[in-house]
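Notes follow once the structure below has been shown.
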Amino acid sequence: MRSRLVLHAVDSHTEGMPTRVITGGIGTVPGSSMNERRLYFREHRDQIKQLLMNEPRGHSAMSGAILQPPTRTDCDWGVIYIEVSGYLPMCGHGTIGVATVLVETGMVEVTEPVTTIRLDTPAGVVVAEVTVEGGAARAVTLRNVPSFAIALDREATLADGRTVTYDLAYGGNFYAVLPLDAFGLPFDRSRKDEILAAGLSLMEAINAAGEPVHPEDPTIRGCRHVHLYAPGATARHSRHAMVIHPGWFDRSPCGTGTCARMAQLHARGELPLHTEFVNESFLGTRFTGRLLGTTEVAGRPAVLPSFTGRAWITGTAQYLLDPDDPFPAGFVL
Ligand code: PYC
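The letter at position 228 of the sequence shown is residue 1094 when you use my numbering, and the numbering goes up by one with no holes.
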């Protein structure tokens, strides 16, 4: 056996969606904030991300998180989120995976019944409250970054000339939110290719008309997620298919998407503070969210969202790179 590197991983899934948590082998990435480290990694070490996410070690819906020492004294760990399509500022299902791995492998001091972990993420500080019983992480509640609606009832013209109306909201990533009905499609997994194509066509139209940009951080930009909610969805219980660039569905209910959806419902006057909102994925798995308060982001009304879900550890691995491997960055088919 020969290898140019050894990357230590604890694999998990959060409500169906994988998070490969990289616990060692990367070292400290240069940068004075976690967002600077995210951008440095994207610029200088992207091959490692590709090797970990792409086939043959990953797959087209693979997702992961690289653990780092925090860049701030008020946090326990730092995180760089990675996935097939790039580097998210924040990832909700990934953070539930990270918190579960930190507790169940003893990488944080564990207290029962609740272990609180403060995470330094590229989008800001995220607090994880892990319900622990006999050493097992039974549930993780995240207090996410401030979330806000950007536009309600905005129109986009698709490449085929159709016009659709959508809301745009931020919950750690930007989300277009609209009913699946807008495309005349049923909430049916056997129609997934058409649903994917519909979401991607809207994403393309939104970005072509002008990428959304975070008002406090211009490096956080672009719409790469489209939340298509199912018929019968209400402001208390909603089912959806989440289309993600460059062409896959979130298997989990999508944490940052749940926060964006709650911000959108709040802006519409449909979801008051401290009210439970159940968000179901395309698989039928659930996060339960609520809004804890209000704030402002660059003078814009915003909400303070939280949501709860669960992750399960699926394995541990050391990922290697043989010097003769013809696919040092893997591949996407
Ligand atoms: O849970 O925030 C999330 C997420 C983003 C992309 C995939 N999952």
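Even glycine gets a Cβ: it sits at the ideal position worked out from N, Cα and C.
Exposed unless 16 or more other CB atoms sit within 10 angstroms - verdict on residue i
i	result
residue 981	buried
residue 913	exposed
residue 1124	buried
residue 1193	exposed
residue 1064	buried
residue 1050	exposed
residue 1129	buried
residue 1153	buried
residue 917	buried
residue 1056	exposed
residue 978	exposed
residue 1168	buried
residue 923	buried
residue 1107	buried
residue 1140	exposed
residue 934	buried
residue 940	exposed
residue 1059	exposed
residue 1008	buried
residue 1147	buried
residue 1021	exposed
residue 1075	exposed
residue 1135	exposed
residue 1199	exposed
residue 881	buried
residue 938	exposed
Contact belief for residue i with residue j at Cβ below 8 Å, rounded distance in angstroms
i	j	result
residue 948	residue 962	That pair is no contact at about 16 Å.
residue 1033	residue 1046	Between residue 1046 and residue 1033 the Cβ distance is about 14 Å, and since that is not below 8 Å, they are no contact.
residue 929	residue 900	17 Å between Cβ atoms; not a contact.
residue 876	residue 889	6 Å
residue 1180	residue 878	6 Å
residue 983	residue 1026	Rounded, the Cβ-Cβ distance is 46 Å, inconsistent with contact.
residue 841	residue 966	Given a span of 867 to 1199 for the chain in the structure shown, any question on residue 841 remains unanswerable.
residue 1048	residue 1023	Wrong, their Cβ atoms sit about 13 Å apart, outside the cutoff.
Whether residue i touches residue j by CB criterion (9 Å)
i	j	result
residue 1133	residue 1005	no
residue 1013	residue 1171	yes
residue 1117	residue 1149	yes
residue 1115	residue 1044	no
residue 1011	residue 990	yes
residue 1186	residue 871	yes
residue 1099	residue 1137	no
residue 951	residue 1110	yes
residue 976	residue 985	no
residue 920	residue 1197	yes
Closest residue to residue i among the options (Cα-Cα distance)
i	options	result
residue 892	880, 906, 882	906
residue 909	978, 936, 953	953
residue 1039	978, 1122, 970, 1012	1122
residue 868	1141, 1098, 1179, 1190	1190
residue 1094	1076, 956, 1042	1042
residue 1174	996, 870, 1116	996
residue 1073	960, 945, 1091	1091
residue 927	1096, 1010, 1113, 1089	1113
residue 904	1157, 1085, 886, 923	1085
residue 1119	973, 885, 958	958
residue 873	940, 1182, 1197	1182
residue 1053	1143, 976, 1195, 1096	1096
residue 1178	984, 1023, 964, 1024	964
residue 1081	1035, 1058, 1100, 1048	1035
residue 885	1160, 960, 1106, 1025	960
residue 1156	924, 1025, 1126, 1003	1126
residue 1164	1079, 992, 1180, 915	1079
residue 955	1100, 1158, 1087, 879	1087
residue 902	944, 1067, 880, 1076	944
residue 1089	1083, 1104, 1103, 1070	1070
residue 946	972, 987, 1197, 911	987
residue 1067	1028, 1083, 1103	1028
residue 1037	1131, 999, 1105	1131
residue 887	1188, 1184, 1195	1184
residue 1105	1151, 1188, 1158	1151
(message) So if I measure from each beta-carbon to every heavy atom of ligand 1 and keep distances below 5 Å, which residues remain?
(response) Qualifying residues, in the order they occur: 957, 958, 959, 1116, 1120, 1121, 1122.
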